[in-house]
Structure formats: C-alpha cells, structure tokens
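Colleague:
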Amino acid sequence: MKKARLPLILLLASSAASMACSEGVVSRSEDAVLPTALTMSEHAMINGSKDTTEAHKAVVSLFLSGARGYGEQSICTGTLIHPQWVITAAHCVTEDGYSGPVASSLNSYIKIGVGNTEAQLAKNLHDVSQIYFHENYGDVNIDSRYGTINGDIALIKLKKPISESVIKPILPLPKWLGIDRAAVRDGVKMEFVGFGYDENGGAGTKISFSAPITSYCGAADGDAAKGCQYGSVIVNGCHPDKSMCNSWSYYRYCTNGYFCLNNYTEYVWLPHGSIYYEQDDGGPCQGDSGGPAFYTYGGVEYVAGLTSYGDAACAKTGISTAVQDYTDWILSKAPEVAQGYVEVCGNGVDDDNNGLSDCSDPACAAEAACGGVVDPVVPEDPVDPDPVVPEDPVDPDPVIPEDPVDPDPVIPEDPVDPDPVIPEDPVVPEDPVIEEPAKIVEDFAGIGSNSGFYARGSFESAHADVTWSYYGRTSLDGYAIDGEGLMLRDGGYLSGTVSGGVGSVSVQVKKAFTNKKKRVVYLSVNGIICNWAQIDAYSSDAITLSCDDVNRPGDVSIKVEEDGQQVVIDNLTWTSYSK
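Counting from 1475, one number per residue, gives the positions in the sequence shown under our numbering.
1. Anyone know if the C-beta pair for valine 1614 and histidine 1600 falls short of 8 Å?
2. Enumerate, from N- to C-terminal direction, the unbroken beta strand (DSSP E) stretches of 3 or more residues contained entirely within the stretch 1931-1975.
3. Excluding the five sequence neighbours on either side, which residues of its own chain have a C-beta within less than 6 Å of the C-beta of serine 1980, listed in chain order?
4. Can you check which of these residues, Thr1688, Phe1683, Ile1681, Pro1809, is closest to glycine 1661 by C-alpha distance?
5. Short of 8 Å in beta carbon distance, which residues of its chain neighbour alanine 1698, apart from the five on each side in sequence? Order them along the chain.
6. With a threshold of 6 Å on Cβ separation, who are the neighbours of glycine 1625 within its own chain once the five nearest residues in sequence on each side are excluded?
7. Quick one: grab the DSSP three-state call for cysteine 1788.
8. Does DSSP put cysteine 1712 in a helix, in a strand, or in coil?
9. Confirm, please, whether the CB-CB distance from asparagine 1710 to asparagine 1736 is below 8 Å.
10. Which partner residues does histidine 1556 have in the DSSP bridge list?
11. With DSSP as the reference, label lysine 1992 as helix, strand or coil.
12. I'd like the span of the beta strand (DSSP E) that includes tryptophan 2048, first residue to last.
13. Buried or exposed: alanine 1843, going by 16 or more other Cβ atoms within 10 Å of its Cβ?
14. What does a CB cutoff of less than 8 Å around aspartate 1826 pick up in its chain, not counting 5 residues either side in sequence?
15. DSSP on arginine 1659, reduced to helix/strand/coil?
16. What span of residues does the alpha helix (DSSP H) with leucine 1805 cover, start to end?
17. In this structure, how does DSSP classify tyrosine 1583 when only helix, strand and coil are distinguished?
18. Short check: CB of asparagine 1590 to CB of threonine 1679, under 8 Å?
19. Give the range of the beta strand (DSSP E) segment to which leucine 1629 is assigned.
20. Looking only at its chain, what residues have a beta carbon closer than 7 Å to the beta carbon of alanine 1532, apart from the 5 residues adjacent to it on each side?
21. Nearest CA to the CA of threonine 2049: which residue from Ala1767, Glu1916, Ile2002?
22. For isoleucine 1708, is the classification buried or exposed, using 16 other Cβ atoms within 10 angstroms of its Cβ as the cut-off for buried?
23. Does the beta-carbon of histidine 1937 have 16 or more other beta-carbons within 10 angstroms, so that it is buried, or is it exposed?
24. Which first and last residues belong to the alpha helix (DSSP H) in which glutamate 1592 is found?
25. Tell me whether the beta-carbon of threonine 1941 lies closer than 8 Å to the beta-carbon of glycine 1965.
26. Tyrosine 1671 to valine 1811, Cα distance in whole Å?
27. Write down the C-beta distance between threonine 1801 and lysine 1631 rounded to the nearest angstrom, noting that I regard them as a contact closer than 8 Å.
28. Going by beta carbon distance, what residues of the same chain come within less than 6 Å of isoleucine 2043, once the five residues before and after it are set aside?
29. Would you check if the distance between the CB atom of tyrosine 1704 and the CB atom of valine 1742 is smaller than 8 Å?
30. Within the continuous beta strand (DSSP E) that includes proline 1686, where are the two ends?
31. With a 10 Å radius around its C-beta and 16 neighbouring C-beta atoms as the bar for buried, classify threonine 1562 as buried or exposed.
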C-alpha cells in the first residue's frame, strides 16, 4: 500500500523535537538508529491495490484543512466505527509536549474526509467535535537496543453523525472475539487499508493490502504489560518518498537521494496490545497510520488493528495496535458503540457476548431457522350463494297480561343520616424541587504572593475541599483578568482533584507580556485533554476554555497547562456531577 504521508509531527518542522510524531531515536553506535516514534515509521500501503469496496467507505481520512502553510492533504487514516465516532492512532493527533504527549496544535484543523481519492476527500469533509487519545500513549525505550510505542489508539467524535444509509460503520473487534497466538499460528490473515504512500511515492488514494499476521502480544495470552520481545530482523529497502531527504531531520540517513536501509538490523519489541506482520512483499507506510487491519470472524468484518509503526523504509516490519485489548477504553469513551454488537443468527458465534449464541439467544428466537412462529394464513369463511332465511313464526292470538295493581303501596321515607361526614378537599402535592448542580468558582483570591518569582507551590481552595498544585506565580504585575489569578510559566500548570464528581469545567485564560509568540492552553479531566485553545499573539483579551458534559462521578482530576510562554488563568469553574 501507499506509504502514509508524514504525520503531524513532521509537518510541524519548527517544533519537530517536541512532537509526538517526531522521530524517537535510540543510539546503538555512531551511525545506528532505532525508530521508536512515528515520523519515519508510519505506514502506507506498498504493493497494494485500489480499494473501492462498498463496505470500506468506512475507511476515512484525517484531512488537514485550513492550517496556514500546510496545504490541504490527508495526513492519517481512520475508520468509522459508529455514525459519530472514528478510531485512529494516537500519534496522528498528538505531539511530545513539555510533560509528555498532548493534543496537537493542528487538531483544530483536522476534518474527517470521506472518499477514495484525495480530491474526493477534500470535497466531503466532516467537522470534529472531540478527540481522545489513550492515557498510556508514548515512546518507551526498553534498553539500548529495543524501543516501542505504547497505547497508540485514539477516538474522534464528529459534530454530526454520518447516516448509516451513506456509510455503514465497521465495529472494533471486541475482546470476547479477539485473536491469540494460537489463531496466529493457524494463519490469521488481515486486510490493511489506508491513504498512505505507494511504492512509487504517490499518496492520497485508498489502497488495501492483505497479509498474514506473524505475532500477537496482549491480554488474550496473558502477556506482561511491558510487552513482548520479538527479536532482531534484517531490513533491506528504500523509502518511496524521495523528498524525505530534503528535511534536515533525515538527510544524514539518506543514500542515493532517499532513505535506504542496507542489511540493517532492527530489534523489534511488541507493545502490550499489538499485532506484528512482516511486510517483505508490501504493507503500510506513512499516511496509513491509524488505518484499519480488517479481520473477518463469524462472517462479520471488524477493525482488529490500527497501523502504528515499523521500520523507516516500510520494507520489513509492521506493528499495529490490537484493538481488542482496548475494548474497555473504547466503550468508556464511546458507549454508543456497544449498541452495534448484536447477535448474528446462524454463524456459530456469541456476537453480543451475552453467553448465548444463535438460536439460544433470544435475539434469534423469531427467526424461522430457530423455530420462530410464522403467522398462519386464516381461510376466509365460505360463502353460501343462496342461503335460506327462515321467517319469524306468527302467534295467531297472543294473550297479553294486564299490569298488576298494588292497592296501597308503601313508599319508604328517605333515611336520615344523623351526622354525615363531609370529605375534606384532597391535598394536592407541591411540585418537586429540582436542585441545580452546585457551581464552584476558583477565583484564586488570597492565595498569597511569591514575590514575582516562578515556583512550584500549592494552596487550599477557599471554596471546596481541593488542594491545588501549580507551577507559576501569583504576583501578576498588572496582567490579571479581574484583579486576581495565577500566571503559568513556560510549561506551567495548575492541577487538583475534585471529590464527588464533575458535570462541566471551564477556565478563563489570557496572554501575559507582549512578545509575538502564540500560546496554547490545555484543559484536562482525569488525564485526558478535553479541550484546548490557542491564544493569539497580539490579543490581550481573556477567553473562556470549557469542557461541557464531562459528567464524571467520583474523584475527578482537573489540570490546566500551557505549552510555551506565560499565560494568566483565572475563574476556574466547575459544576457538580448530576445524573
């Protein structure tokens, strides 16, 4: 299949060192390199074929639109798993921030494109409402030779659902139907689909490639959380995109004008929850990142894998996230997806995981094959062409008795109730009082001053049972929003845990100082970024960053952090959880 286009990471060359898709390297010698992140290891389909399958309309593009200087292009692949949800790779929507992976600053420019070619994608774009990536996502160096990527999975919620009459979603493979190493030994084959680079360096067309799975590492076989050591492989091949050598990030690895690996020894470590496939004959490459590996079980096609990473030339190794190992996470973020798991009658599989399959499942009881009752045909009443209607018999001289006369009827008097009970008017209950969720505003009043020096500190909330930790300063030198606030420094944050649950969260932010750099501020709930905003370089106006419909019970952690220069935050507000 085509090799996928360089992900967000490479596109943002000015901050490549801090992006999640930027190249992660573990040195083994002066000239050796081990790709552990995705700039050079995202997949595209090499030696694949164009995919115009009707069912695969569900394979969509993460299409960059409106980002100044980046053009209009497909940067990653995803799959519609519900009319309003797309599944993809975490590295497609993240970058390596100050304190680990955070939402990419390009996410506000990502649309979901539908179609088979880049021209079709650009004309059929759908707006994004929310992006979630797994909290364990990130590069991991195992030792001096081995490196891997954990939790490379993300979900994108669309602002509006796509009608199933237009695109029928393809469900993620659930853990109760998942594969294991025994299935791999039996020759499990999967079909990879994506919009990435092909063997000729082209990209932007939906291409598929089928290949057997070589190995699986995950919960189905009780593998350790740190993953599985696969071993060393020899890689020979050249990346099809010759323009990669125009980037300073790659020039030192290029030979004869493009990136080549010549008898290169790569050490493969599978992350927990992943599948591995050798792609000597072809497979994913840049731009296919996040794209599906389809697996058919019981006659139903599922998304079993998400293209994650591989060798730098897309010539030998391919690793996909095993979707089955993230079933609980997917359903926690998108519970609507669970409605799609329904019993398929007659395939010998417990599709909906209720312990019953086929005719033993009530869902199949009405099926004729399961003895379902078919409404019988009731014959109409026969019609007598000339029925004889008997006449009424005639009594020639009936005797009509006279009414008897009562000579002196006794008319009883009305009984007198000596003490009638008059019922009281019924009591009408008052309308129930509906309590509004409690609203709490952290205004940072009276938290003291640290004399204008940035420091790590903490303070007790005056409005709730919360201890806030921060990296910043409380002396604002005239940059406050309403006379109070907290100024976060480069990489600064405010974090705390609210008891009892949260319904919604918001915070006011504004730029401090007057240099020309933009700021990006992130608002997280339970470690997941729920919203972010970019503050204009020339504006000093306060804006409100909010996350509606959080609706998390229990203890909920809230964090506000920023990525570059100083910003002021104030009026952190949350409502209590309400069912």
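For glycine and all other residues, C-beta sits at the position ideal for the given N, C-alpha and C.
Modeller: On the basis of the coordinates in this document:
1. Position 140 of the sequence shown holds residue 1614. Position 126 of the sequence shown holds residue 1600. No; because the gap between Cβ atoms is not below 8 Å, this pair is not in contact.
2. 1941-1947, 1960-1972
3. Taking the first residue of the sequence shown as position 1, residue 1980 is located at position 506. Thr2018, Ser2020, Thr2047.
4. In the sequence shown, the residue the question calls residue 1661 occupies position 187. It is Thr1688 whose Cα lies nearest to the Cα of glycine 1661.
5. The residue labelled residue 1698 in the question sits at position 224 within the sequence shown. Excluding residues within five positions, the ones whose Cβ falls inside 8 Å are His1746.
6. Translated into positions along the sequence shown, residue 1625 becomes position 151. Excluding residues within five positions, the ones whose Cβ falls inside 6 Å are His1608, Asn1610, Tyr1611.
7. Here residue 1788 is taken as the residue at index 314 of the sequence shown, counted from 1. Cysteine 1788 falls in the coil class under three-state DSSP.
8. Along the sequence shown, read from residue 1 onward, the residue named residue 1712 stands at position 238. Reduced to three states, the DSSP call for cysteine 1712 is strand.
9. By 1-based counting over the sequence shown, the position of residue 1736 is 262. By 1-based counting over the sequence shown, the position of residue 1710 is 236. In this structure, asparagine 1710 lies closer than 8 Å to asparagine 1736 by Cβ.
10. Stepping through the sequence shown from its first residue, residue 1556 is reached at position 82. Looking at the DSSP assignment, histidine 1556 forms a beta bridge with Trp1559.
11. As a working mapping, residue 1992 is identified with position 518 in the sequence shown. Correct three-state label for lysine 1992: coil.
12. Within the sequence shown, the letter at position 574 stands for residue 2048. Taken as a continuous stretch (DSSP letters only), the beta strand (DSSP E) holding tryptophan 2048 covers 2041-2050.
13. As a position in the sequence shown, residue 1843 is number 369, starting the count at 1. So alanine 1843 ends up on the exposed side.
14. Here residue 1826 refers to the residue found at position 352 when the sequence shown is read from its first residue. Within the same chain, aspartate 1826 has close Cβ partners Tyr1815, Val1816, Glu1817, Asp1835, Ala1837.
15. Counting from one through the sequence shown, the residue named residue 1659 turns up at place 185. Reduced to three states, the DSSP call for arginine 1659 is helix.
16. Indexing the sequence shown from 1 puts residue 1805 at position 331. Run containing leucine 1805: 1801-1807, per the alpha helix (DSSP H) assignment.
17. One-based indexing of the sequence shown puts residue 1583 at position 109. Of the three classes helix, strand and coil, the one that applies to tyrosine 1583 here is helix, per DSSP.
18. As a first step, residue 1590 is located in the sequence shown; it is residue number 116 there, counting from the start. As a first step, residue 1679 is located in the sequence shown; it is residue number 205 there, counting from the start. It is a contact, given that the beta carbons lie within the stated cut-off.
19. For this step, residue 1629 is matched to residue 155 along the sequence shown. Unbroken beta strand (DSSP E) run through leucine 1629: 1628-1632.
20. Looking up residue 1532 in the sequence shown gives position 58. Closer than 7 Å at Cβ, skipping near neighbours: Thr1553, Leu1554, Ile1641, Lys1642, Pro1643, Ile1644.
21. Here residue 2049 corresponds to residue number 575 of the sequence shown, with the count starting at 1. When only C-alpha atoms are compared, the closest one is Glu1916.
22. Translated into positions along the sequence shown, residue 1708 becomes position 234. Result: exposed.
23. Taking the first residue of the sequence shown as position 1, residue 1937 is located at position 463. Burial call: exposed.
24. The count along the sequence shown starts at 1 and reaches residue 1592 at position 118. From DSSP, the alpha helix (DSSP H) with glutamate 1592 extends over 1592-1597.
25. Position 467 of the sequence shown holds residue 1941. Position 491 of the sequence shown holds residue 1965. Cβ atoms of threonine 1941 and glycine 1965: not closer than 8 Å.
26. Locating residue 1671 in the sequence shown gives position 197, counting from the first residue. Locating residue 1811 in the sequence shown gives position 337, counting from the first residue. Each residue's Cα considered, the two are about 31 Å apart.
27. The count along the sequence shown starts at 1 and reaches residue 1801 at position 327. The count along the sequence shown starts at 1 and reaches residue 1631 at position 157. Actually they do not touch by this definition, with Cβ atoms about 18 Å apart.
28. Position 569 of the sequence shown holds residue 2043. Correct list, in chain order: Leu1960, Val1981, Val1983, Val2034.
29. In the sequence shown, counting from the first residue as 1, residue 1704 sits at position 230. In the sequence shown, counting from the first residue as 1, residue 1742 sits at position 268. Against a cut-off of 8 Å, the Cβ pair of valine 1742 and tyrosine 1704 comes out as a contact.
30. The count along the sequence shown starts at 1 and reaches residue 1686 at position 212. Element bounds for proline 1686: 1681-1686.
31. Counting from 1 along the sequence shown, the entry for residue 1562 is found at position 88. By the 10 Å Cβ count, threonine 1562 comes out buried.
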